[in-house]
Amino acid sequence: MSDKATDADRPGLFDHPRGLWVLAGTELWERISFHGMQALLVLYMAGELLLPGHVEHVAGFGRFRAVIEQVTGPMSVGALAAQVFGLYTGFIYFTPVIGGAIGDRLLGRRTCVVAGGVLMAAGHFSLALDETFLLALLLLILGAGLLRGNLQPQVKALYAEEDRRSADAFQLYYVAINIGAFLAPLITGALATIYGWHTGFAFAGFGMVIGLIVYLAGQHLLPVDFRPDRAQAMRVPLDRGARRRLITLWAIWPLVICFWIAQSQVWNVYNLWARDHLDMRIGGFTVPIPWLQAVDGIAPVVVMPIFLALWRWQAARGAEPAVITKMGIGCLIFGAGTTWLAAASLVSVDGRAPVAWALAFHLLSNIGWLYFTPIALALFAMKSPASLRGTMIGVNSLAVFFASIISGRLGGLYEAWSPAAFWMLHTAIVGASGLALLALRRSIGRALEDQEHTARRESLVVV
Numbered sequence: 000m001s002d003k004a005t006d007a008d009r010p011g012l013f014d015h016p017r018g019l020w021v022l023a024g025t026e027l028w029e030r031i032s033f034h035g036m037q038a039l040l041v042l043y044m045a046g047e048l049l050l051p052g053h054v055e056h057v058a059g060f061g062r063f064r065a066v067i068e069q070v071t072g073p074m075s076v077g078a079l080a081a082q083v084f085g086l087y088t089g090f091i092y093f094t095p096v097i098g099g100a101i102g103d104r105l106l107g108r109r110t111c112v113v114a115g116g117v118l119m120a121a122g123h124f125s126l127a128l129d130e131t132f133l134l135a136l137l138l139l140i141l142g143a144g145l146l147r148g149n150l151q152p153q154v155k156a157l158y159a160e161e162d163r164r165s166a167d168a169f170q171l172y173y174v175a176i177n178i179g180a181f182l183a184p185l186i187t188g189a190l191a192t193i194y195g196w197h198t199g200f201a202f203a204g205f206g207m208v209i210g211l212i213v214y215l216a217g218q219h220l221l222p223v224d225f226r227p228d229r230a231q232a233m234r235v236p237l238d239r240g241a242r243r244r245l246i247t248l249w250a251i252w253p254l255v256i257c258f259w260i261a262q263s264q265v266w267n268v269y270n271l272w273a274r275d276h277l278d279m280r281i282g283g284f285t286v287p288i289p290w291l292q293a294v295d296g297i298a299p300v301v302v303m304p305i306f307l308a309l310w311r312w313q314a315a316r317g318a319e320p321a322v323i324t325k326m327g328i329g330c331l332i333f334g335a336g337t338t339w340l341a342a343a344s345l346v347s348v349d350g351r352a353p354v355a356w357a358l359a360f361h362l363l364s365n366i367g368w369l370y371f372t373p374i375a376l377a378l379f380a381m382k383s384p385a386s387l388r389g390t391m392i393g394v395n396s397l398a399v400f401f402a403s404i405i406s407g408r409l410g411g412l413y414e415a416w417s418p419a420a421f422w423m424l425h426t427a428i429v430g431a432s433g434l435a436l437l438a439l440r441r442s443i444g445r446a447l448e449d450q451e452h453t454a455r456r457e458s459l460v461v462v
């Protein structure tokens, strides 16, 4: 059976299937709910929930804390909040591999997306009560696994195998993600400041409900779904070419982790670096440090049209870089960004660089992100067998889980090393990944080719 769109021949905005905008709209609201809640979580825990008078009411938290502190030792409120946040974020990126497998093999992708959205909405609303805090996190983790593991695979299913628009589709899809990442901290942060924490969490819940409505309303524009009665037909033995492509994707995966180690530090220690080494004043106004995360969310949206146009121009002349080449370039550009942070001390006044230095970093690093992240997602979606597509997209997401753990450990070096040495370490990690991808691009490209397309290579994997 072909994993094919029912609306593939009915183009909409930017000459892409209308189903893409249904999926992107769903993802937009999911990300608004996710990033909105995430922007509040640590502040909420450290500033209220884990303090005496509140923490005693959280069902099961005493046992939960005891298990954590058996590994870490006794922790302060701030450290405990950071640890809980780290576990939550890590598992958010871990469960899509399981959710994708459930969608591939058991329930079908549409059912999983709807179930995941319902669970996430319930999780956000459960944050309204102290008692259900841990239940809320569990619901959010499970819901994200089902939704993310099955929403993204439907993007590839909108396009025929040889359609070069599918690579651009993932770029446009990521626009929705980044718009959500930009808007969410601004909205929920304002609501929490003016009306209280729970109002911010409630907005996140309603955002997820809107996302579900968008998805359900656009069902007729989406790809034909897997059904349990068709699943057996999909579980045919993989041929030699499919097995080779799977092995190659797994071989690339550690290099994907290396990119995300550097990117994860932008969510983590970078905020401490900005606190300690940036002059956040512009005239008489002091820019809140969390706003830098909003800049990081919107920067890809700003630069994306430029590079989509560049790639189309290159494609028209037969000179568009291959996907592996783009990923390698993305790593090197991101490495240039972390080198830029290392060089901040050269322009420091009284130990602080101007805030414009950070803005330039976000612009540069997000060009690297654009060359790498949506391309890697497209690679795992396009080169996985249809019957394992959701699973392998989950594997791509799993790289963020391991990278977050590693970057967290590396974060401990921030207080012991100079800022320049700390950021150059990350340059070395992401830069080495980029050099490896460029050095191996021809052999990787050959291994990922479909046997039936060897004579006319797909535009995604030419070297």
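If you count by numbering that gives the first Met the number 0, then the sequence shown holds residues 0 to 462, one letter each, in order. C-beta: ideal position from N, C-alpha, C; glycine also.
The three-state reading of DSSP puts Arg109 in helix, counting H, G and I together.
With a minimum length of 4 residues, the unbroken runs of alpha helix (DSSP H) contained wholly in the segment 266-342 fall at 268-276, 290-315 and 322-341.
Note that the C-beta distance between Gly389 and Arg30 is not below 8 Å. When Cβ pairs closer than 8 Å are counted between the two stretches, the segment 366-383 is seen not to touch the segment 309-316, the count staying below three. By the beta-carbon neighbour count (other beta carbons within 10 angstroms, threshold 16), Asp275 is exposed. Here Thr192 is exposed, its C-beta having fewer than 16 other C-beta atoms within 10 Å. Between Ala343 and Ala359, the alpha-carbon positions lie close to 11 Å from each other. For the 8 Å CB-CB criterion, Pro418 and Gln292 do not form a contact.
Leu363 is the residue among Leu363, Arg316 and Ala355 whose C-alpha sits nearest the C-alpha of Gly336.
Secondary structure at Val348: strand, using DSSP grouped into helix, strand and coil.
Nearest to Thr110 by alpha-carbon distance, out of Gln218, Arg164, Leu331 and Phe181, is Gln218.
Residue pairing from DSSP places Pro353 in a beta bridge opposite Asp278. In the assembly as shown, Gly282 is an exposed residue. Its beta-carbon has fewer than 16 other beta-carbons within 10 Å. Here the C-alpha atom of Thr94 lies approximately 20 Å from the C-alpha atom of Leu126. In the DSSP assignment, Leu49 falls outside any alpha helix (DSSP H), carrying neither H nor E.
With a cutoff of 8 Å on beta-carbon distance, Asn395 and Asp295 are scored as not near each other. Closest in C-alpha terms to Leu138, from the list Gly148, Gly116, Gln153 and Val154, comes Gly116.
Listed in chain order, the alpha helix (DSSP H) runs fully inside the segment 208-263 are 227-233, counting runs of at least 4 residues. For Tyr194, the number of other beta carbons within 10 angstroms of its own is below 16, and it is reported as exposed. In the structure shown, Pro73 falls within a coil segment according to DSSP collapsed to helix, strand and coil.
One thing to note: Thr25 has its Cβ within 8 Å of the Cβ of Val213.
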